[in-house]
Structure formats: structure tokens, C-alpha cells
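Below is one structure; the comments refer to it alone.
Protein chains: 2
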Amino acid sequence: MRLAILGMGHVTRALLQMLAERHADLYRRFGLAPRVVAVADTGGAAVHDTGLSIPELLAVKQRGGSVSALPGVGLPGLSGKRVLTECSAEVLIEATPSRMDAPQEALGHLQTAFCHGMHVISVNKAPLAAALPALRELAAYNRVEFCFSGTVGAGTPVFSLAQASAAGDEVLGVEAILNGTTNYILHQMHEHGSAYADALAEAQRLGYAEADPSADVDGIDAATKLVIFANLILGRAATFADVEREGIREIDPGRLRAAEAAGRRLKLIASCGETLRVAPQEVAVDSPLNVSGSLNAVSLRLRYGGEVTLIGRGAGGPETATAVIRDLVNIWQRIGNSA
Amino acid sequence: MRLAILGMGHVTRALLQMLAERHADLYRRFGLAPRVVAVADTGGAAVHDTGLSIPELLAVKQRGGSVSALPGVGLPGLSGKRVLTECSAEVLIEATPSRMDAPQEALGHLQTAFCHGMHVISVNKAPLAAALPALRELAAYNRVEFCFSGTVGAGTPVFSLAQASAAGDEVLGVEAILNGTTNYILHQMHEHGSAYADALAEAQRLGYAEADPSADVDGIDAATKLVIFANLILGRAATFADVEREGIREIDPGRLRAAEAAGRRLKLIASCGETLRVAPQEVAVDSPLNVSGSLNAVSLRLRYGGEVTLIGRGAGGPETATAVIRDLVNIWQRIGNSA
Numbered sequence: 001m002r003l004a005i006l007g008m009g010h011v012t013r014a015l016l017q018m019l020a021e022r023h024a025d026l027y028r029r030f031g032l033a034p035r036v037v038a039v040a041d042t043g044g045a046a047v048h049d050t051g052l053s054i055p056e057l058l059a060v061k062q063r064g065g066s067v068s069a070l071p072g073v074g075l076p077g078l079s080g081k082r083v084l085t086e087c088s089a090e091v092l093i094e095a096t097p098s099r100m101d102a103p104q105e106a107l108g109h110l111q112t113a114f115c116h117g118m119h120v121i122s123v124n125k126a127p128l129a130a131a132l133p134a135l136r137e138l139a140a141y142n143r144v145e146f147c148f149s150g151t152v153g154a155g156t157p158v159f160s161l162a163q164a165s166a167a168g169d170e171v172l173g174v175e176a177i178l179n180g181t182t183n184y185i186l187h188q189m190h191e192h193g194s195a196y197a198d199a200l201a202e203a204q205r206l207g208y209a210e211a212d213p214s215a216d217v218d219g220i221d222a223a224t225k226l227v228i229f230a231n232l233i234l235g236r237a238a239t240f241a242d243v244e245r246e247g248i249r250e251i252d253p254g255r256l257r258a259a260e261a262a263g264r265r266l267k268l269i270a271s272c273g274e275t276l277r278v279a280p281q282e283v284a285v286d287s288p289l290n291v292s293g294s295l296n297a298v299s300l301r302l303r304y305g306g307e308v309t310l311i312g313r314g315a316g317g318p319e320t321a322t323a324v325i326r327d328l329v330n331i332w333q334r335i336g337n338s339a
Numbered sequence: 340m341r342l343a344i345l346g347m348g349h350v351t352r353a354l355l356q357m358l359a360e361r362h363a364d365l366y367r368r369f370g371l372a373p374r375v376v377a378v379a380d381t382g383g384a385a386v387h388d389t390g391l392s393i394p395e396l397l398a399v400k401q402r403g404g405s406v407s408a409l410p411g412v413g414l415p416g417l418s419g420k421r422v423l424t425e426c427s428a429e430v431l432i433e434a435t436p437s438r439m440d441a442p443q444e445a446l447g448h449l450q451t452a453f454c455h456g457m458h459v460i461s462v463n464k465a466p467l468a469a470a471l472p473a474l475r476e477l478a479a480y481n482r483v484e485f486c487f488s489g490t491v492g493a494g495t496p497v498f499s500l501a502q503a504s505a506a507g508d509e510v511l512g513v514e515a516i517l518n519g520t521t522n523y524i525l526h527q528m529h530e531h532g533s534a535y536a537d538a539l540a541e542a543q544r545l546g547y548a549e550a551d552p553s554a555d556v557d558g559i560d561a562a563t564k565l566v567i568f569a570n571l572i573l574g575r576a577a578t579f580a581d582v583e584r585e586g587i588r589e590i591d592p593g594r595l596r597a598a599e600a601a602g603r604r605l606k607l608i609a610s611c612g613e614t615l616r617v618a619p620q621e622v623a624v625d626s627p628l629n630v631s632g633s634l635n636a637v638s639l640r641l642r643y644g645g646e647v648t649l650i651g652r653g654a655g656g657p658e659t660a661t662a663v664i665r666d667l668v669n670i671w672q673r674i675g676n677s678a
């Protein structure tokens, strides 16, 4: 399948590396031979209908340059949207930065792809949180596949678990830790008695948190993922505006000590029952949701099967790239191919 | 789809209840309308080509009788194998008791079904641990579906998780707690300082352990499940004889105290790396594998994505029945139907 990739951040770079490394493996196991025919970054695009050279793409990014500088294939200044209308790709991988305050550009990429009959894999959460119900309808109308398993839990197959559970049972509700940064901060505050500011600084030093940590500590990232989950798994036509949200910025250390005294720990829990909510909540110390460090955890409450919990890394370039490959394999199989 | 069910234990009774309760739901969501056309217990069978009455089947079992006593449809003394050759079912659900020492009868059921072009859902582990590679080949040769997700983790979709992980990543190895009874016993010994005999007696009182607890405490049940997992997920043509096995019967309380002093806990771990092995092993107290009570946990070691762990109940009639329904929905969809 021919791929167009918009955005050249750490997920895309890990994906390109993996596509090169696993070329023979993907063909052997699934009969799948992906080819990258278009890429775009902030400087422009590179397009070649018989496939771009992955080592050249990685080398130019390694040097801090734009793919549009590549001789013969580079197109400086070409927008992502123009790339989609002018290349021959069958699948768009939307991997531009997730900007909750400005999802329009990425939304435009998805809409353009759908209307041109392209399947879409999005690792960008922002357009999904803004308009997932409308996007799913547009994909269905154009009879194309729309996958986004890398948007929640990175490589951990959260959606697959939930879909499998829903096939035989009924998902009544969800409680989840969907943001590793805040879990790391709360874990440091509980287990090492760190102050909030020190735990945040440590998370920033380790690369878990951004210089501006608002998206994590105000619960925006978790709320975005919760919206996607609620749409896909619980059939709620929800958007970001439907989530009640409380972050951990103002967390009172006394509240943590009180929880500890009761054999409990404070976690930033994203929950979906009657309402959609992100807020600090207590969990028992032996609860499967009491995960350490920057791990994520999703716990489904089932009608017959009780609680089922999936724990894994919730972030990372290579981890998220495996979700893109999983989506690609799924699209390939759903449109009627198998090895 | 028309179902033949062999075995009328607690899983079958929960399944019948669920098929009755969820009839409209399954039709609405999947276009699936299962009908039970044959059942068998130790006393004989009941067969009716347009469908047996579920309330009547449940009532006769409630009274402690055999389905073969049902007027008009009962066939005293008819064997499971004869049922399969004489009914019109498209799917066999093999739910006779799992007997590792005598898997032949259940093996015969599966083989007969395959050779008559029936799809098979097995919740019976014994024939699978004895001969899974040969059974999978026989199913493939006869071009029928063969599902057994209820054999490992009851309703927890362990195989779905592993298959989804394997699609985008590579499963390098597995560490798992596949037996809830031994986990309960070890948990009691660790957290309440119970003696082995007392913890076992308590597990028996709660219905977790049988009067003869060998299958659990000698690691036989866990080894059986490990074999199934290794075949399906890791592509190993293994049988029960390939598993190194050490149970918890002779466990030294001193070993538990030493583990605790090092911040660790002893668990009966089923692992699949170079070799297949079931043995008591230590895990860190904050490891996702340190699950409490009778929970099960499966941890996959992935090439790119690190550890992914799924935690859920590992036993129970209704739980296992949801796995049968999931398998049924999967078969229905794989043979080309959707709602």
C-alpha cells in the first residue's frame, strides 16, 4: 500500500525506521509491502510515486532539515492538503503535532483524505477530540477505513481489548489512567514524598513533560483520549466539550497523605459512566489501576466478566509506531487481503 | 447458527441463560440468532432440529436430572459422538469436563465435528493440551473455524490482546499467572501469614479449589493453558509434555519470608521464552503481575512496546460463557456475516 505521511516528529521517524527494518517480516506475515510515496513537514513536502528512500528521509531529519530539501523529490512550501490531492497514496498517516487549541489544519487533512477515497490512520488526537462523530460518519460515507489506535495508550492495544470484551460481554463503564506524566508526578509525590513542583521538574528532566506542562497536568491530554474512547467503545457521540475536567496542578499534599493513611493512592482517573470525567481520585493500593511510574492502565467494567485491566506504556515514538503498523495491517485485512 | 453443546456443567448453564437473555441484543448488534439444536450430558442427549427450549433444559438440570429425560426430545444413552453425526448443528461447543488424564473422549468429539464440517468452540482444555497442533491442522484441512478463547483467562480476552499486539509488534515472550486458586493460596500466605494447609482449606471452602486440588497446586492447569497460549500466540507446536513443571505443594514458608524481605512476592508463574515452564517465581511488589486474590494476569514482552499486561478473572461460569459468545460472534463474522 502507498502511504502519505504528514508530520515528521518522533512517531514518524520511528515508523520509517520500523517500516525499513520490518519490510520482509510484514510481507511474509501479511502479504503487505508498504511504500512511502509522500511526506510533509513544516518546510514542505517530498513526493515520489514509486516510493521515497527511507534512509534519505531519516538522514535529512537527522540533520535538522526539511524533507522538501531532498533533491529531485522535494517540494518546498507545498502544504499537507496539496500533498494529498497530488499524490497517489491509498492511506494517509496524520502525524502532525496534536494541537487542541487549533485542530483545524489536521481536521482539513482528514476530511481531504476521506473525500479523495483514502483510508486514514491518525495518531493526532486533536481533530478526533474536536469532531470524532462527524469524522467517522464522513469515513463511512466515503467507504474508507478510519483507524486511530495510536491515539490512546500508544502501542498498548486498548481498543482491541475493548472491542473483544464488547463482542462477548457488555462494557458498562471505564476507569483509566490515560496520561503517564501525571501518573509519574503523583507516584513521585506518594512514594518519595516529593513536592509537586519537584516531581514536575523531574518529569520535565526525563522528557515526560513539556516545558509548558498544561496539556498533561490540567487533564487536557487525558480528556482528549477519554473522548476518543467513549466514541469508539461506548458509542457516545461526545466531543472534548462534554468532559468535566480537574487537573493536578492545585493538588493538596494533605489529600495524598490522607489517602495513604487509608491504604489508598491518588491517581488522575479518566472515567466514563453516566458522565465523562477527568479528576484526581483515590484507588486501593492493591487495585490493578495503582500502576507505578509513567505507565497507563485502562480498566473496563463488564456486565458479566467483572473488571478487566490492561496496563502498558502510554507514550513513546516506537510504541506509537507499532500502533500505526497494527492499524495498517488491520486496514489491509479488512479491505480483503490476507497473506 | 445452530449449536450442539456437549457437557452441561456450570459454563453451559451460564451460556444457556445468556443466550436466552441476550437473544435480541445479539441479533441487533451482529445479526446473529443462535439456536441450540442438540445437547448432551452424562445421561444422554436431547435433540431437536428447530431448537430446544432453553427454560426446559435449565429446569431439568436444576432438578438434577439428565436432558435425555425431556419428553419428545430426550434420547437416553446417546453418546456425544452420535449426537454430532445425527444433528444438524453448524457449531460444536465442547464443554465436557477437562480431564488431563483422559482427553480421548473430548478429542473424539472435536475430530468428529471437524470431519463433519462443523466449526468448533472448545472450553475444554484437555484435548487442546494433548494435541493442539494436530487439531488446528485438522480444522484447517476441513476449512472450519476452531476457537477456544474460554480455555485461558475465562472471559478475559487474552488471545485477542496477544493477536493485536503481534499484528503491530513482535511478542518475544510471556510471563503469566494462569491459575487463580494458587494465586489465592500464595496471596493468603503472603498477606495474612497463613500456613499452606490453611490457605488451601480456605480456597476449598470458597469453591476456588477442588476436593482433590492436584490440578491447581501441582501446576497442571497452568501448564495446560500455557501450552494453548504457546501454540496460538508464539507459533510453537507444543503439547503438555513439553512443559517443565513445579507446583506449590512443597512451598517453603521461609522462601516467602525471604521474598518479602526483598520487596518481592512469590507467584506461580507460567513462562514461555526459550522453554515452557510453570514454577514459583518472585515478582516485584509493584509489578503488574503482583495481582491479588484469585485474579489472573498475562504479561507480554514485546520487541518495541515493552511489557503489556492484562488482568482479569480467570475462572467462573458466566465469565467463560462470555468467551464462548465472543468466539461465536467471531466465527459468524469470519464466515462472512455482519449486522
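Quick note, the sequences are listed as chains A and B, same order.
Sequential numbering from 1 applies to the first sequence in the working numbering.
Sequential numbering from 340 applies to the second sequence in the working numbering.
All residues carry an ideal CB built from backbone N, CA and C; glycine is no exception.
DSSP, reduced to helix, strand and coil, places residue 309/A within a strand of the structure shown. In this structure, the CA atom of residue 163/A is about 40 Å from the CA atom of residue 535/B. The three-state secondary structure of residue 544/B, taken from DSSP, is helix.
As computed with DSSP, residue 579/B is found in no beta bridge at all. Distance check between residue 10/A and each of 178/A, 1/A, 45/A, 57/A places 57/A closest, using alpha-carbon atoms only. Considering only beta carbons, the part of the region 144 to 177 of chain A lying closer than 7 Å to chain B consists of 155, 156, 157, 160, 161, 164, 165, 167, 168, 169, in chain order. Cβ-Cβ separation between residue 222/A and residue 268/A: approximately 6 Å, consistent with a contact (criterion under 8 Å). The three-state secondary structure of residue 458/B, taken from DSSP, is strand. Proximity of chain B to residue 318/A at the Cβ level (cut-off 8 Å) is accounted for by 643, 644, in chain order. Residue 635/B: not part of any alpha helix (DSSP H); member of the beta strand (DSSP E) spanning 634 to 641, first to last residue.
Listed along chain B are 507, each with a C-beta nearer than 7 Å to that of residue 325/A. For the region 613 to 631 of chain B, the beta-carbon criterion of a distance under 8 Å to any beta-carbon of chain A is satisfied by 625, 627, 630, 631. Counting C-beta pairs closer than 8 Å gives fewer than three between the region 275 to 290 of chain A and the region 613 to 620 of chain B, which falls short of the contact rule. In the DSSP annotation of this structure, residue 402/B is not part of any alpha helix (DSSP H), being labelled neither H nor E.
Distance between residue 99/A and residue 430/B, taken at the CA atoms: about 50 Å. Contact between residue 343/B and residue 423/B holds: CB atoms are separated by about 6 Å, below the 8 Å threshold.
For residue 668/B, the chain A residues whose Cβ falls inside 9 Å of its Cβ are 167, 168, in order along the chain. With contacts defined as CB atoms closer than 8 Å, residue 15/A and residue 158/A fail to qualify as a contacting pair.
Nearest CB-CB separation between residue 584/B and chain A: not below the 8 Å threshold. Distance from residue 662/B to residue 168/A at the Cβ level is roughly 6 Å; contact confirmed, criterion being Cβ atoms closer than 8 Å.
Linking residue 199/A to residue 234/A through their CA atoms gives a straight-line distance of about 34 Å. The three-state secondary structure of residue 267/A, taken from DSSP, is strand. DSSP places residue 254/A in the uninterrupted alpha helix (DSSP H) bounded by 253 to 261. Look at residue 336/A: its C-beta is not under 8 Å from any C-beta on chain B. By alpha-carbon distance to residue 79/A, the top candidate from 128/A, 6/A, 30/A is 6/A. With contacts defined as CB atoms closer than 8 Å, residue 37/A and residue 89/A qualify as a contacting pair. The three-state reading of DSSP puts residue 379/B in strand, counting E and B together.
Residues of the region 33 to 58 of chain A with a Cβ closer than 7 Å to any Cβ of chain B: none. Closest in C-alpha terms to residue 116/A, from the list 53/A, 81/A, 122/A, comes 81/A.
Contact between residue 347/B and residue 400/B holds, with the beta-carbon distance rounding to 6 Å and staying under 8 Å.
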